[in-house]
Structure formats: structure tokens, C-alpha cells
Amino acid sequence: MMLEIAIIVAGVLMVGIAIATILTRSLLVSVIMSGGVSLLASLVFLLMGAPDVAMTEAVIGSGLTTVVFLYALSRAKQPDDEDAAALASPPGDDTDGGQP
Amino acid sequence: MMRRYLVGLILIGLAFALFPLLRQAGVAEAPGPLASAYLENSADDFGAANVVTAIVVSYRGFDTLGEVAVLFAATAGVGTLLTRRRLGKAVPPPGRQGGTEVLETASRLLAGLLIMFGAYIFIHGHLTPGGGFQGGVVVAVALLLGLLAKPDAQVSHRVMTTLESLSGAVYVGLGLLGIVLAGGFLDPRALPLGVVGQLFSAGSIPLIYSMIGLKVGAELSGIIDALKGDRS
Amino acid sequence: MKLAAILVHLNPVAIPGALLILIGLWGILARQNLFKIAVAFSILGTGVNLVILSVGYIRGRTAPILDGEAAVASMTDPVPQALVLTAIVIGLAVTALLLSYAVRLRSGGGGSSIEVHGDEKW
Chain B
4 MMLEIAIIVA GVLMVGIAIA TILTRSLLVS VIMSGGVSLL ASLVFLLMGA
54 PDVAMTEAVI GSGLTTVVFL YALSRAKQPD DEDAAALASP PGDDTDGGQP
Chain H
4 MMRRYLVGLI LIGLAFALFP LLRQAGVAEA PGPLASAYLE NSADDFGAAN
54 VVTAIVVSYR GFDTLGEVAV LFAATAGVGT LLTRRRLGKA VPPPGRQGGT
104 EVLETASRLL AGLLIMFGAY IFIHGHLTPG GGFQGGVVVA VALLLGLLAK
154 PDAQVSHRVM TTLESLSGAV YVGLGLLGIV LAGGFLDPRA LPLGVVGQLF
204 SAGSIPLIYS MIGLKVGAEL SGIIDALKGD RS
Chain R
12 MKLAAILVHL NPVAIPGALL ILIGLWGILA RQNLFKIAVA FSILGTGVNL
62 VILSVGYIRG RTAPILDGEA AVASMTDPVP QALVLTAIVI GLAVTALLLS
112 YAVRLRSGGG GSSIEVHGDE KW
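Top line first, the protein sequences correspond to chains B, H and R. Counting from 1, position 20 in the first sequence corresponds to residue 23 in this note's numbering; the numbering is continuous, with no gaps. Counting from 1, position 182 in the second sequence corresponds to residue 185 in this note's numbering; the numbering is continuous, with no gaps. Counting from 1, position 56 in the third sequence corresponds to residue 67 in this note's numbering; the numbering is continuous, with no gaps.
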């Protein structure tokens, strides 16, 4: 019974954070929050008796996915506000013309 | 405005489709016949203590082989999309400084420990929770740590490509060994099964899972390296 | 009394999973930024994994790992776990592919709003 209550609490938190992830305007905050959703999901997996899946989700879902997102954001020179229409500095501007 | 209503309509429709499913599915009382058979027979069939590993590597070995192939295809896709020829060299922002001496030394030490830990996870995949996928990711994280501490570091592509293709070839080779010495492709009974719960048991399952671990580690390192860019 | 029976019957893992699927779909449909859509996709993926795994959820049972003491009769269903295990890894690779397309689209000129990129969305 205790386990089930813990699962329900984690589920409620997970849904709340997921809604906040979509609602927030800052891309950085939403990436970090989606990592939090994955971490809570891995907690749920652990509580329901799936330690293999919990390990995978913790290390991939909340670790590596967040890093991949952050690298992609910095690579694309994406402004943090998702609705920023104009390019702050066009990517590919400061390159060596694509020559290898 | 129209779009907002349409989005709401689609979501409400999906919710209506999902709700009866959830009410009827409920909570199972016992595993189904297939799962019960796996639970009861995995120790006798393959000598693996971790039933999930037995399913991933042996009972559904073809699934995993295909899954590793999909991972390879996705990595190749990331690599082709983000080449320097297409994107231009990603220039590090001016004024970025490397880490201090302490940071670099400590991260090198930690990277060795992380690789050891990853190898521990995938070698013990048939005994404890964990296995090739988790251990492979931990190995990739060791490389990520090095890249974070020393952003200008070069990743040897030759080493990674060799490791990746070699482990894939050994994986398929162990599968073929199963055809020759045992009942079929990827049958772990090609090697002696040993006693359940010991490190050298479960036939070729630990070897296959180690190969999966190395392959996943090399592929995920490739993804991280390609997305990071700014190699010279 | 009847309500309690219904509540006990409901699966506590499947419901947040289904809600995460809805939230992810909402993000994909309602947002324009390519990177935000990728975040919404990864939330949707987490939800789908939760729903698949909820099939194998059995109250009061432990992980399917055999050792001397644990009885087979007290273990959960290992099949959905094996399926979800590989699905998570694939999810990361697909997210990385999605992100590299986004980086490519953005560096090919134009912003990162999906509106700019023509026919990909209604």
C-alpha cells in the first residue's frame, strides 16, 4: 500500500512538471524539467519492480537526453526564449565557408 | 484561433479513446502464460538469474539485434546530418577557457572509474539489474565527462569505429556459434551454462551483453561527439 | 464502496502515462519551436513507456531476478520490461536524430519556428 501511495505521488508530480514543461517559455527550463519528468518516471519504474528499466531511464532519459538537448541548443545558437523570432546571430555566419 | 480549437478537439478525442482502455485494463493479478513460462524456465534453459536479461538477449535475441541495428542507423543519420561540410565548423565562443589542471586530472581519473563501473554493469548483466544498454551508456558518460572538462579534446574516430564494428561482428559471430554448437541463432547454450548465480554462467549471455555494451557505448559517444561539433 | 472498488481496479501507473501522452501531443500540436516540439516528443515517449510497463504491474510483487530465496510466484511480469528497456535506448537515438534535423533546418537559414519551414505543418 505504501508503495502504491508513493507511485501515485510520483505520478501526480510527473504530470504537473510535464504541464509546466510545455507551458514555460524558456527552452532551457523546459529541457531541465523534462529531465525531471524522466527521473520521476524512473522512480515509478523502480517502485513497480522493474530495476532494469529504472536504471536505463535514469541514465538515459534524465542524463544523456538532457545533455544531447543542451548540446543541440548551443550548436544551433538558439535564443532561450522559444518565441524569439529573429536570429540573434545567424548560425553558420562565423564559419570558414564550409570548407573542410 | 481555429487551430487552438482543433488541437483541443484532437486531445479530447484521444482522451476519450484512452479512458475506457485504462478502466478495462486494470491491474493484473498474475503474469500471463508466456511470462510465467519465462520466469519458470529461464534458470533451466539458459542459467540466467536475471529473467529480463534472458528475454532481451536470448528469448528475444532477434529483437535486440534489430534494435542495435536501428541504433546504428540513427547514429549514422546524426553523423551525416551534422558534418562540418554541411554546417560549417562550430566555432567555440570567444573567451572560452579550458578547465584547470585539477579539473582535467580529476576528470581523467573519474573517467577510468566510470569505464570500470560501466564494464561491471554489463558483465554482471545476467546476475543483477543492468546490462549492456545501461553499462554502455555509463561508458559513453565517461567520454562525455572528458569532453566537458576539456572541450577542445579530440575523440579518436578510428578507435570508436573499430570498437563499434568489431563488437557488432563478434555479436553476430556469437549468434552464428549458437547455430553450430546449439539449437539456433543467438542460442547461448553454445558455451557451458554453469551454475545459476555465478559470474561464469549462462553460456554466452555475458559475452553477448558485453558486446552490446561496447557497441552502445561507442554509438552513443559518436552521437555526443557529432552533436557537440567544434572538432578541428 | 463502489467507488473504492473502481479506484482499486484503476492502474496507478497507466493513468499518469496516459496523461503524459496527452500532454506530449498537446505540446507537439500547440507549439511552434522545433526544440520545444522535440521536448514534447520525449515526454510523449516517457508516457508510452509507462503505459506499456503498466501492463506488467502486479501489486506487491518484486523484480524478476532469481536468487535462492525469491519465489517465482512473487515476481512481476518481465516481458514488458524487456520491451521497454530497448525502447528507451531507441528513444534517445531518435531524439538525437530529431535534434540534428532541427539544427540543420535552423542553420539553413530561417528561425527555429516550424512555421518558417513551409509545408511540414498545417
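Note that beta-carbon positions come from the ideal geometry of N, C-alpha and C, so glycine has one too. Bear in mind the structure is a predicted one, so any value in this text is a computation, not a measurement.
Taking all protein chains shown into account, decide if residue i is buried (16 or more other Cβ within 10 angstroms of its Cβ) or exposed.
i      : result
H20/R  : exposed
E104/H : exposed
V107/B : A query on residue 107/B cannot be resolved here, the shown segment of chain B reaching from 4 to 103 and no further.
I226/H : buried
R78/B  : buried
M4/B   : exposed
F125/H : buried
R6/H   : exposed
F22/H  : exposed
D228/H : buried
M86/R  : buried
K80/B  : buried
A172/H : exposed
Q92/R  : buried
Q137/H : buried
D88/R  : buried
F72/B  : buried
L31/R  : buried
Under DSSP, the alpha helix (DSSP H) around residue i begins and ends at which residues?
i      : result
Q27/H  : 5-28
T164/H : 160-184
M17/B  : 5-26
Q137/H : 135-152
N22/R  : Here N22/R belongs to no alpha helix (DSSP H), and DSSP marks it neither H nor E.
T78/H  : 64-84
P54/B  : 54-59
S207/H : From DSSP, S207/H is part of no alpha helix (DSSP H); its letter is neither H nor E.
D48/H  : 36-49
S77/B  : 68-78
So for residue i, helix, strand or coil by DSSP?
i      : result
M119/H : helix
M86/R  : strand
D84/B  : strand
N44/R  : strand
I6/R   : As displayed, chain R neither begins before 12 nor continues past 133, which places residue 6/R out of reach and without an answer.
S124/R : strand
S29/B  : strand
G35/R  : helix
D228/H : helix
Check whether chain H comes within 8 angstroms of residue i, counting only Cβ atoms and requiring the distance to be less than that.
i     : result
I76/R : yes
I11/B : no
G14/B : no
M36/B : no
A75/B : yes
V47/B : no
Q43/R : no
M58/B : yes
I25/B : no
V90/R : yes
I63/R : no
V50/R : no
Please tell me whether residue i has its Cβ less than 8 angstroms away from any Cβ of chain B.
i      : result
I15/H  : no
I226/H : yes
K13/R  : no
F136/H : yes
L21/R  : no
L30/R  : yes
P209/H : no
Y112/R : no
A16/R  : no
A107/R : yes
Name the chain A residues whose beta carbon is nearer than 8 angstroms to that of residue i?
i      : result
A143/H : Given the protein chain composition of this structure (B, H and R), no chain A is represented.
For chain R, is any of its Cβ atoms less than 8 angstroms away from the one on residue i?
i     : result
I22/B : yes
L37/H : yes
D83/B : no
E42/B : The sequence shown places Leu at residue 42/B, rather than the Glu named in the question. Not closer than 8 angstroms to any Cβ of chain R, the Cβ of L42/B fails to qualify, so no.
S33/B : yes
A61/B : no
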